[in-house]
Each structure stands twice: as C-alpha cells, then as structure tokens.
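Residue numbers (numbering that gives the first Met the number 0), protein chains in the order written: chain A, 0 to 810; chain B, 0 to 266; chain C, 0 to 185. For each residue, glycine too, the CB sits at the ideal point set by N, CA and C.
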Amino acid sequence: MTNQWRDLKNADAVLVCGANPAENHPASMYHINKARDERGAKLIVVDPRFTRTASTAEIYAPIRSGTDIAFYGGLMNYILENSLYHEEYVVNYTNASFMINEGFQGPAELDGYFSGFDVAAQSYDKSTWAHQTDDEGNILRDETLQDPNCVFQLLKKHYARYTTDMVEQVCGMPRDKFLEVAQVFAATGAPEKTGTILYAMGQTQHTVGTQNVRCMAMIQLLLGNTGRPGGGVNALRGESNVQGSTDMAILYHIIPAYMATPNAAKHKDLAEYLEKETPSGGYWVNKPKFLISLLKAWWGENATSRNDFCFDYMGKISGGINSYAWIALFHAIYDGTIKGLWIMGQNPAVGGPNARFERKALEKLEWMVVQEIAPTATTDFWRAPDVDPASIQTEVFLLPAADAMEKEGTIVTSGRLLQYRPKVAVPPGVAMGDIEMMDLIYRELRRLYEAEGGALPEAVLELNWSHGADFEKICQEINGYWTQDVTDDDGNVVGKAGEMVVNFTKLRDDGSTACGNWLYSGYWYPADDGDGNMVTASKRRGQKDPGDLGMYPYWGFSWPVNRRIIYNRCSADSNGNPWSEDKALIWWDAAEGKWTGYDVPDFSKTKGPGDAGFTDAFIMLPEGKSRIFAVRNEGPFPEHYEPLESPTTNPLSSVQFNPVVKKWDVDSGQDVGDNVGTADEFPIVCSTYRLVEHWQAGGMSVWLPWLAEAQPETFVEMSPELAEEKRISNGDRVIVSSARGEIEVVAVVTPRFKPFTVNGKTVHQVGIPWHFSWQGLAKGGTANFLTPHVGDGNTGIPEYKAFLVDIRKAV
Amino acid sequence: MARAMLIDESRCMGCRGCQVACKQWNDNPAEETENWGTYENPPELSGITWTKIKFNEKVVGDQVKWLFLKQGCMHCTNASCESVCPTGAIRHYGETVIVDQEWCIGCGYCVSACPFDAVHSLHEVTGGGEEKATARKCTLCIDRTSNGLTPACVKTCPATALDWGDRGEMLAKGNARVAALQANGHPKARLYGERELAGLHRLYVLVDEPSAYGLPESPQHATTNLLGQWLGGIITAGVLAAVPFWLLFKRQRAAEAKEETSGGGEQ
Amino acid sequence: MRRISRRQFLMGSGVSTGALLLPPVVPGFQQVPTFPLHKKVGESRTICPYCSCGCGLLIATDESGHIINSEGDPDHPNNRGALDPKSISVRQLSTSPHRQGKVLHRAPGASAWEEMTWEDAIPLVARRVKDTRDATFETTEDGVTVNRTNGIAFIGGAANNDEDCYIAIKLARALGLVYIEHQARI
C-alpha cells in the first residue's frame with residue numbers, strides 16, 4: 000500500500016477492483032465506512048461476481064474475468080476525453096510531458112503490438128520506447144502536453160480506442176454501470192478531492208497482472224491521487240506478513256530490501272554489480288551503502304573490501320522468471336534438477352497452479368523438509384487419497400513449528416507498518432519457533448562443514464551467526480549497527496562499534512556499518528511514543544494522531560523511516576502548499592525553511608521553492624517524475640490481451656494473448672501436464688478466490704472447528720441461467736473440469752452470478768474458493784487442480800483468476 | 000435503564016465475526032456442517048449456536064441484493080419463553096432474558112414458543128455420563144455487560160454494523176440511520192423491534208421488508224396457559240420430588256411482578 | 000436444497016456451554032445484579048496472524064499458557080477491538096488437537112510417519128542439505144563465479160515473522176540457493 004489502512008477514512012471515493020475487502024480484509028471496512036459516514040464517500044466494487052463487499056457497496060459493476068485493462072483503459076479515456084485529470088499534478092509530478100522517441104508506435108498503429116517486437120524471441124527491442132534527450136542527456140519535455148510525441152498525447156491516442164462501447168463489448172460491463180463508475184471516480188480528479196483504489200490478487204493473478212497494476216497507478220496519477228491522504232494505489236496484501244517476507248526477499252530475483260539478486264550475465268563481481276545496479280540519480284544512488292552493509296551483516300568481519308565483502312558467496316542466477324519463478328521452480332523439481340525442497344510454512348499442493356502437476360513434482364524429490372504448524376496436503380502428499388505411498392521414494396521431515404502467538408517477532412501490515420508480537424502462548428509438544436529450528440540446522444551444517452569440508456565451505460563457515468537464536472540480536476542486525484567506531488572529518492564520534500544505527504541514512508559503503516534490511520533500519524531503535532517515552536520503534540503504542548488523518552505516527556514503525564504515506568511530496572502543490580486544508584499532510588514552511596506536517600516528508604527536507612527539482616516528487620526515480628509511460632516487458636502502456644484460456648477473440652486487435660508470456664508445454668497431452676483448454680471444450684470462465692472464513696491454502700484454517708463449521712467444503716458458484724442450461728439444482732454435487740483435471744464440489748446456484756454478453760455472445764462465469772483439499776475438517780476438491788501453468792509477463796504470477804472450465808452434474 | 004443492541008443490516012457484510020465471537024466468548028463448540036447450496040452455516044440456531052448470519056438473496060429488476068440477518072434471541076420485553084417456562088428458569092435481568100441452567104428442566108416449551116426460533120435445547124453428556132437437556136440461547140453476554148464490556152458480537156463487528164447502549168439512544172440512532180437510508184435510495188428502510196412484543200432489545204435497521212430477511216412481520220406472543228404448562232412441565236420432567244413446589248411458584252410470581260414493572264403488554 | 004443432519008460436537012468435547020456464573024446474591028427485581036465474568040478477557044497483546052490489516056488482539060491464557068480467550072484490542076487504531084471470524088479463532092489455531100507437536104519422519108516408500116526427536120532429526124536434515132548441496136554445487140559458469148546449487152529449493156512463508164524470514168534468507172543465500180520463492184509470487 001502507498002497509504003495506510005487508517006487513511007481509507009480520508010477518501011472521497013473508494014474503488015475496489017479485484018479485491019474483496021469485506022471478506023479478505025474485513026477491518027478495512029471499519030475505515031471505509033468512516034469515509035462513507037463522515038465524507039459521503041461512495042464505495043464502488045468492480046468484480047466478476049457480486050461479493051460480500053459488493054453487497055454493501057453503493058455501486059457494483061460486473062466485469063468478465065481477465066478484462067481489467069479494457070475497463071481501466073475506458074476509464075482513462077473517459078478522464079482524458081472529458082478533461083477530468085488533475086492538470087497541475089500531471090504536469091509537475093508525472094512524466095506526461097516527457098518526449099518519447101519519434102520511432103515509437105503503439106497498438107493503434109501496429110494492430111496490438113508496440114514498436115520493436117521480435118516474434119522469434121517473443122520479446123521487444125525497446126529502443127524506440129526511449130526518451131528524447133538533449134546533448135547532455137536531459138529528457139526533453141513539453142509542459143503544454145501538446146506535442147504529439149509527448150507521453151500525454153501518446154497516452155490519449157493509445158486509449159482513444161477504449162471507448163464505452165468497447166468496454167461493454169470486451170468486459171461485458173453494462174454501459175450505464177461503466178459510466179456511473181467513471182463519473183464517480185473521475186470526480187476525484189478535482190484538486191481538493193482524493194479517491195483510493197484497492198486491489199488484490201484479482202488484479203495480479205493474470206498474464207497481464209503487472210499491466211493491470213500499472214493501469215491503477217496511471218489512473219491515480221492522472222487524477223492526482225497518489226501520495227495524498229485518501230488516495231494511492233493500495234495492494235491489499237493477502238497474508239499477515241507477505242509484505243515482510245517480500246521485504247526480506249524470499250524470492251529468486253531480489254535480496255533483502257529490493258536489491259537485485261546477482262546475475263551471472265551482468266555481475267561478474269561486486270564492482271560490476273554496483274556499477275550496473277546503482278542509478279545516476281534518485282535515492283537509489285545509495286545502493287552501495289545498503290548492499291555492503293547487508294554483506295557485512297551476513298559475513299561479518301570476514302567481509303572486507305579485499306574480498307568484495309564476500310559478494311561471491313551469494314549464489315548468482317542465470318536467467319529470469321522463466322528459469323526460477325514459481326512455475327519454473329516446480330518444473331525444475333518435475334525434471335529432477337531440484338532434488339531437495341525446504342519449505343517454511345507453505346502448502347503448494349493446494350496453493351500452486353496446476354496443483355496436480357505440482358503434487359506429482361513433489362513425488363520426484365529425494366527429500367523434503369517442512370517447517371509447519373499442522374499437517375497439510377503438502378506435508379502428507381505421499382499419502383493423499385489418490386496415491387500409492389509405496390511408489391513414492393521422497394523422504395519427508397515434518398518439523399513442528401510454533402505459531403504466531405507462540406513465538407516472538409515482528410510483522411508488517413499491508414501499509415508497511417511493522418508491529419512487534421511477544422510470545423503470548425505456549426506451543427504444543429516439542430514445537431519450536433522457526434528461528435530456533437533453523438539455528439539448530441545451521442549449527443549442525445557448520446559442524447559438518449568443519450569436520451568434512453565440502454563445496455565452498457567458507458560461505459557457511461564464515462557466515463556471521465553470532466546472533467544464534469537470540470531474537471534481540473537478530474533484530475539489532477536487521478536494524479543495522481556500527482561495526483567499528485566511526486568519527487567524522489572533525490573527529491567527532493558518529494558511531495560506536497556494536498551500537499545500532501538510528502536509521503539507514505547512517506549506513507556506509509566502507510564496511511563500517513552492517514544492516515540486514517536497510518528499509519527496516521530504525522525499526523528496533525528507540526523512538527518517541529508521543530508522550531516522551533523512548534520505546535523500541537516497532538513496539539510503540541502511542542495514541543496521538545496529529546492532524547487527525549489516521550496517521551498515528553507514534554504507533555509501531557512504518558518503513559521507510561516511519562513514513563506513513565509514501566510519495567507524500569505530492570500531498571502539496573507545486574508551490575509546496577496543501578491542495579486543500581482538510582487533506583494537508585506535509586507542506587513547505589517558508590518561515591522555517593523546511594518541510595513540515597503530520598508525516599515524515601518523502602522528500603529532501605530543506606529543498607524549497609526555487610531549488611532545482613522542487614517538483615521532482617518521486618525521489619526513488621532518477622528522473623524524479625512518476626511514470627505514466629513505463630517500460631515493461633509487454634509495452635510502456637497497458638494493452639488489453641485475452642487470458643491464455645479465453646471464451647472469445649480479442650476485439651481490440653489480432654494479438655489474442657500477451658505476446659511476451661511463455662507457454663509451458665511439459666507433458667502436454669498427458670493426464671498430468673501443461674495442458675491448455677479451448678472454448679469449444681471448456682466454454683465457461685472460472686476464477687478462484689478466498690472466503691472470509693478461511694485462509695490461503697488452508698494450513699491455518701481448515702482444521703479449526705469454528706471456521707470449518709461456517710464454511711465446511713469446496714463449492715462452485717454459478718448463475719441460475721447456467722444451472723438451468725446444465726440441469727443443475729442448488730446444492731447438487733457437480734464435476735468442474737478443465738484441461739488440467741477435474742474436481743467434485745457442491746453447486747451454489749445464485750443470482751449473484753450473471754451471464755455476460757461478450758462480443759455479442761453469452762459467456763458464463765463461475766467461481767471456486769481455493770482453500771480446500773483432502774486434509775482438515777473443512778475439505779473438498781482442490782480448485783488449483785483446474786488452474787493453468789502460465790504466468791504474468793513480468794513477474795510470473797500464475798493466471799488463477801481467468802481460465803476455462805466445463806461443469807456437469809455428478810452422477 | 001434498559002439497554003439494547005442495534006443491528007444495522009445495511010452495513011452488515013456477512014463476515015460472521017459475530018457468529019464466531021459468540022462461540023469463542025461463550026465457549027460453544029462447532030457443529031458439523033455441509034454446504035447446502037449457500038454460504039449460510041450452521042443452517043439454524045441451536046443449543047450451541049446462539050447467533051448466526053442468515054444469508055438472503057433477492058432480485059429486484061436487474062439488481063441483486065444480498066441481505067444478511069444477524070439471528071439470535073431478541074430479548075423481547077414480552078417474552079414468550081419467559082411466559083411459558085414452568086419453572087421460572089427463564090426470566091428477565093433488566094433487559095436481558097436469561098435461562099437459569101440450574102432451574103431448566105428441558106421441557107422445551109420455550110423452544111416451541113419463541114416466535115424467532117431463537118431458543119434451542121442442548122443435549123449434553125455430563126462428566127458423570129448423565130444425559131441432560133436444557134434450553135440455551137443468547138445471553139447478551141450479560142457477564143460482559145454487567146462488567147462494563149459490550150457483548151462479544153458487538154465488540155467484534157468490523158463493519159460497525161453493531162452497537163450497544165441505552166435503548167433510547169439506540170432507537171434514536173437507528174431512526175436517524177433509517178432516515179438517511181430512505182433519503183439515499185432505500186425507500187423501504189425501516190427500524191424493526193421498537194414496538195414488536197412490547198419492544199425488542201435487538202433493534203434492526205433494515206433496507207427491505209422484514210420478510211425479505213426472514214423476520215416475522217408481526218411476531219406474536221405465544222398463547223399462555225401458564226398453570227397447565229407448569230404442571231405439565233413438572234410432570235414431564237419428573238422433578239416433583241426434587242424441586243420444592245412452592246419455590247417454582249415463588250419464582251414465577253416474581254417473574255410476573257417484574258413483567259408488570261417493565262410495562263410490558265402485547266401490541 | 001439438501002438439509003443436512005447435524006451432529007453436535009459437544010459429546011466428550013470437554014467444553015461446557017452456557018456457563019454463566021450466577022450472580023453471587025439473589026437479586027431483588029428493582030435492580031439488575033452483576034454477573035461475574037465467566038473467564039478473563041486477557042491482557043496479552045498480539046497482532047492477528049491472518050490478513051495484512053495488522054489488527055490488535057487481546058489474549059488470555061490459563062495457568063499452563065494455553066489460550067482461553069481471544070478478542071480484539073480496543074486500543075489498536077487499525078481495528079479498535081473489531082475482529083473477523085478467523086482472527087477470533089486464533090484460540091483454536093493455538094490449542095487445537097490438530098496442531099503438530101511432534102517431529103515426524105517419513106522414510107522413502109513408507110505409508111506412515113514415524114516419530115523422532117529433534118536430536119535425531121536435525122543431523123539427518125543437515126546431512127541431506129549438505130550432501131545435495133555438495134553434489135550439485137556449481138562454482139563457475141562461462142568463467143563467471145556463480146557459487147550456487149540448483150539442487151535445493153527453498154519456499155515460504157508469508158505468515159512467518161520478519162526475523163524468521165531474515166534468518167531463512169540469510170541461510171539460503173549463504174548456502175548458494177537460487178531457487179527461492181514463496182507465497183508473494185503466487
């Protein structure tokens with residue numbers, strides 16, 4: 000989230016697209032309802048099905064799964080055609096005025112492609128997408144936004160094709176509903192108004208997921224809503240600490256706090272890494288300080304400038320999402336490359352796409368270690384109802400883990416707020432915290448490498464493990480500390496060896512600081528709780544809320560540096576004054592000569608009017624302006640393409656499917672394989688989703704009696720029209736099938752689902768919650784038996800939200 | 000001063016936090032259920048399910064409405080269960096109608112008398128292996144409200160659909176909400192519970208007719224043949240030997256006295 | 000529509016329902032008596048482990064440390080005491096008999112788990128990790144140092160604490176793992 004949960008109360012309109020906060024983030028409704036009660040805000044829900052959120056909304060607009068870009072494109076077209084954008088914001092804070100290479104062409108001219116597509120390579124030569132620059136490399140701009148090659152005019156041309164008729168034709172969204180949504184949300188383009196967009200996996204789990212999110216960002220920039228109270232692009236993250244686990248980079252492509260994983264093709268050594276990964280401008284110029292401090296945290300005194308701070312001890316990748324991301328990872332298990340799988344609290348046998356394929360992959364492992372709080376379909380995959388244990392040679396260890404209440408730690412909300420949790424209950428039996436068990440494993444590994452040697456034993460033996468399982472010491476390492484006494488040029492002591500750094504502005508690139516995650520720096524440092532007490536920042540419970548905007552700056556610690564709304568320079572106009580008094584967040588105090596207000600400025604504190612770059616509000620970007628035009632693998636502007644499995648042809652161009660996405664085809668045609676269905680055989684659009692009563696792959700919910708009572712099993716929701724066509728009655732058991740497999744579930748026939756008219760044809764849509772398996776008290780068919788092995792063009796996130804099925808009554 | 004729960008069904012989002020919070024606070028176990036073609040479960044209130052969300056769907060033109068109803072004991076001023084109880088086990092403590100488990104003989108009259116289907120028998124095997132059936136229902140978390148806390152369901156509602164406080168204030172708040180809803184596209188909005196059965200202590204803001212939610216339009220007090228029922232109940236349960244007869248009458252008389260002081264009477 | 004038969008779980012559950020403690024004094028009818036709380040509300044504060052709203056919880060435990068009450072923290076600005084059904088159920092999350100309290104090992108081809116001690120399991124786990132790492136380790140590719148193993152993957156988890164994740168990634172990267180993914184991707 001760019002903003003905070005509590006900030007939702009400041010919104011004048013709340014647009015929920017591809018999220019279901021009433022069910023998956025219920026506490027958000029407390030703040031949304033405040034906005035409705037106190038500001039008269041309208042809640043708008045755009046979703047293929049009438050959800051529990053829709054039931055309480057002012058406006059519900061149905062949309063066929065997988066057509067969000069057509070909807071957003073229509074919305075942008077509406078905003079541009081009717082001049083409802085926030086002009087001062089757009090000119091000053093975005094790259095709308097930037098001039099783009101004259102060779103750039105888009106789908107309007109090239110039938111669905113942007114200029115530079117290489118069919119054989121399935122990728123773009125992006126040279127025509129570059130900025131026009133002067134001789135010194137400065138980007139050329141047209142602040143009148145009139146030049147046909149400026150971003151603004153290219154944008155207008157691109158989305159002119161996304162008419163209201165086109166939205167209706169592609170999305171199946173009734174025209175009057177679309178216009179109602181557009182009118183209410185576009186009204187937040189007025190300078191004194193803000194609107195927020197809430198999204199979740201309904202936007203990301205598509206082959207165009209990244210571009211869906213781009214659309215939301217672009218709309219919020221056009222309307223001047225980002226960086227302001229009640230605005231922003233707000234990802235409602237799905238798990239209690241998926242923000243933290245992402246910050247900590249349990250992902251192939253990054254290392255902690257969003258630095259790239261070293262890549263053999265680009266980074267032969269530390270110098271080359273720093274040269275290529277450090278931009279020329281913006282805050283990331285500090286990357287060498289962050290990286291070297293990370294290496295110091297990991298390899299301690301063994302990391303020195305003479306050995307590249309042990310940079311080479313980190314494994315390098317050779318490839319991208321099609322080599323390492325989730326789907327590729329499971330293919331590497333399937334083909335025998337990966338022999339051992341180590342799992343910490345995850346359940347791929349239920350949560351992975353094409354789950355029959357992924358379960359079969361598990362059977363090929365030599366060993367699997369699972370740190371888990373209860374048995375799942377993954378821990379016990381070798382004795383699932385449809386498998387013969389004797390045929391599976393995988394050795395499995397189930398290490399019993401303490402749950403959230405039974406150990407100490409911090410977690411991060413969707414709003415980047417770190418909060419400390421003490422241990423408040425005892426774990427069952429011999430269960431222990433993950434830190435404790437990983438400490439035991441590390442110590443044993445160290446003993447083995449000391450005794451026997453092996454492959455690059457130094458990386459293990461020289462690892463700085465002085466913290467052991469001591470929680471306090473681990474936190475101090477993450478926060479960052481001085482590795483030696485440091486004095487400034489005048490001889491003043493600025494840091495003492497072993498003491499924590501106050502925040503990441505103190506980090507250095509000479510090895511004199513260590514820091515496990517620069518974004519968290521300060522989280523374990525004592526900070527004011529608003530009443531003058533100095534408390535470990537993420538343990539704070541201060542109730543003060545200066546400005547009454549719901550920022551609560553003395554509660555917990557929000558990364559970075561306790562900033563509650565990022566990009567908040569945009570909460571003030573180009574002169575540094577608030578856009579409106581009731582949404583004043585930070586502003587330029589001319590008398591004091593600095594920025595002040597109710598949040599930590601996301602800007603140079605003393606840069607004032609008249610200083611160069613005073614309106615370069617996006618400090619993480621070298622150019623200082625947010626990117627309406629942004630280079631992504633499939634283009635700089637989002638263009639609608641149909642999902643891999645679609646019931647129709649793409650009305651916008653002859654490019655049916657995201658052209659940069661890899662189509663996996665291992666064992667296609669087999670019972671278990673990368674199979675893709677067609678609309679002839681599987682005419683119904685299906686989407687998977689979650690219920691308020693359960694959680695994710697069920698590992699923390701399906702065996703809880705109260706939750707199992709409320710939602711006891713898998714079901715499929717469908718319209719009465721489809722049920723009649725298929726001769727299905729409410730409550731019947733039915734078979735839902737896709738090219739990947741089939742499951743038997745209960746039919747819930749409901750008018751909350753309605754057939755769509757798409758391209759003049761009736762298209763049915765159904766939906767299935769994905770929490771369930773054969774394990775637990777609440778059980779049933781696993782929805783992911785049906786989902787395809789195909790991922791987004793930039794991130795590889797699977798397309799769970801739009802695929803094709805058929806349905807028949809079970810006999 | 001009587002208190003009441005205000006349930007704003009226009010704000011309820013069917014998350015069922017209240018349903019589980021009730022079980023959690025009252026230590027009620029789960030029921031074994033199956034999906035029966037709806038999100039709703041358990042299908043009915045029971046001896047171990049004292050509040051639940053009823054999921055109603057209604058199509059009006061091309062619009063669908065998902066109307067949620069938080070079911071449970073209404074704590075009627077003129078409470079049928081109290082009137083028919085032969086042992087005086089059911090009685091008012093202030094606004095709250097409580098089944099005294101020590102006195103309940105499991106006759107089930109209250110179960111059939113309740114116009115809201117909110118009272119249910121629970122068969123329990125005690126530690127000693129003895130079978131026992133008694134009437135159970137929502138207590139408005141009287142132990143919480145006695146100690147300055149709100150009922151567990153009210154506290155937990157993330158939709159701010161539930162409130163608890165002085166009944167007059169809840170009525171005023173409910174009526175204001177109804178007026179706001181009527182002015183904003185909900186002409187059928189109304190407050191339910193102000194006068195029904197001499198006044199309920201669960202007040203509902205509805206955006207449609209009560210029947211659309213599965214609520215009786217005009218709930219009726221059960222026919223009362225009190226003496227016959229006391230005797231029948233006593234004989235049924237075979238407790239003549241165990242319970243001093245005079246005590247039963249004493250408790251019942253006291254309950255009647257209470258009813259008079261609260262100004263109850265059928266509308 | 001199928002109505003279903005319901006068996007109430009009460010039998011042998013050891014849970015007593017309707018357990019209101021009657022007021023200590025037999026009341027007069029002019030005055031509503033005070034009913035004592037039948038259990039404590041709890042003062043231990045924690046944060047909900049389900050969605051990312053970060054709601055505050057109040058937890059009460061019995062003398063042995065098992066949760067007997069879970070409800071919202073009224074002082075927490077994100078939820079002000081409110082909780083959804085999952086958050087409230089953390090009590091069952093912690094105390095359910097379905098929880099895993101033993102170290103289990105499944106031998107190749109076996110049809111059942113066998114119990115193990117930590118002392119026996121940890122050396123076996125470390126041995127598997129080391130043997131696979133050593134057997135699959137790549138030091139260079141096209142002359143560039145890569146120091147990685149493709150033979151081991153690490154996945155999970157988005158419900159773990161920051162510090163759990165930090166220790167996991169520190170260890171995984173030090174071992175040269177490159178197949179590292181978790182819920183955030185899917």
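Buried versus exposed, by CB contacts within 10 Å (16 or more), residue i
{"i": "GLU435(A)", "result": "buried"}
{"i": "ALA526(A)", "result": "buried"}
{"i": "LYS192(A)", "result": "buried"}
{"i": "ALA241(B)", "result": "With a pLDDT of only 48 at ALA241(B), under 50, the local geometry of the prediction cannot be trusted, and no value is derived from it."}
{"i": "SER279(A)", "result": "exposed"}
{"i": "ASP165(B)", "result": "exposed"}
{"i": "SER51(C)", "result": "buried"}
{"i": "THR125(B)", "result": "exposed"}
{"i": "GLY27(C)", "result": "Because the pLDDT of GLY27(C) is 43, which lies under 50, any placement of that residue in the model is unreliable, and the question is left without a value."}
Residue-chain proximity (residue i, chain C), Cβ-Cβ < 9 Å
{"i": "LEU18(A)", "result": "Residue identity check: residue 18(A) is Ala in the sequence provided, not Leu. No, ALA18(A) does not count as interfacial toward chain C."}
{"i": "GLY243(A)", "result": "yes"}
Run of the alpha helix (DSSP H) containing residue i, from where it starts to where it stops
{"i": "MET169(B)", "result": "166-182"}
{"i": "ILE434(A)", "result": "433-451"}
{"i": "HIS30(A)", "result": "26-38"}
{"i": "LYS286(A)", "result": "286-298"}
Residue closest to residue i, alpha-carbon to alpha-carbon, out of the options
{"i": "HIS104(C)", "options": "VAL425(A), GLU394(A), ASP731(A)", "result": "GLU394(A)"}
{"i": "PRO114(B)", "options": "GLY71(B), PHE54(B), SER9(B)", "result": "GLY71(B)"}
{"i": "TRP49(B)", "options": "ARG201(B), VAL118(B), PRO218(B), PRO150(B)", "result": "VAL118(B)"}
{"i": "ARG236(A)", "options": "ALA722(A), ARG415(A), VAL169(A)", "result": "ARG415(A)"}
{"i": "LEU139(A)", "options": "MET215(A), PHE97(A), PHE329(A), ASN561(A)", "result": "PHE97(A)"}
{"i": "TYR688(A)", "options": "LEU83(A), TYR88(A), GLN202(A)", "result": "GLN202(A)"}
{"i": "TRP702(A)", "options": "THR756(A), TYR640(A), GLN774(A), ALA678(A)", "result": "GLN774(A)"}
{"i": "LEU294(A)", "options": "ILE332(A), LEU328(A), PRO255(A), TYR551(A)", "result": "PRO255(A)"}
{"i": "ASP164(A)", "options": "VAL118(A), GLY795(A), VAL757(A)", "result": "VAL757(A)"}
Alpha-carbon to alpha-carbon, residue j and residue i
{"i": "GLY173(B)", "j": "LYS69(B)", "result": "16 Å"}
{"i": "TYR49(C)", "j": "TRP128(A)", "result": "42 Å"}
{"i": "GLN121(A)", "j": "PRO658(A)", "result": "6 Å"}
{"i": "ASP146(A)", "j": "ASP134(A)", "result": "20 Å"}
{"i": "SER292(A)", "j": "ASP119(C)", "result": "37 Å"}
{"i": "MET0(C)", "j": "ASN729(A)", "result": "Note on MET0(C): pLDDT 36, under 50, position unreliable in the model; no value is reported."}
{"i": "TYR191(B)", "j": "ALA178(B)", "result": "14 Å"}
{"i": "MET12(B)", "j": "PHE49(A)", "result": "12 Å"}
{"i": "SER82(A)", "j": "GLU167(A)", "result": "22 Å"}
{"i": "GLU101(B)", "j": "SER45(B)", "result": "19 Å"}
{"i": "ASN149(C)", "j": "LEU176(C)", "result": "7 Å"}
Beta carbon proximity, residue i to chain A, threshold 9 Å
{"i": "PHE34(C)", "result": "no"}
{"i": "ASN68(C)", "result": "no"}
{"i": "GLY36(B)", "result": "yes"}
Beta strand (DSSP E) segment containing residue i, residue limits
{"i": "PHE396(A)", "result": "394-399"}
{"i": "ASN146(C)", "result": "143-154"}
{"i": "ASP527(A)", "result": "525-527"}
{"i": "GLY596(A)", "result": "593-596"}
is_contact[residue i, chain B] using C-beta, thresh 9 Å
{"i": "VAL143(C)", "result": "no"}
{"i": "THR52(A)", "result": "yes"}
{"i": "GLY55(C)", "result": "no"}
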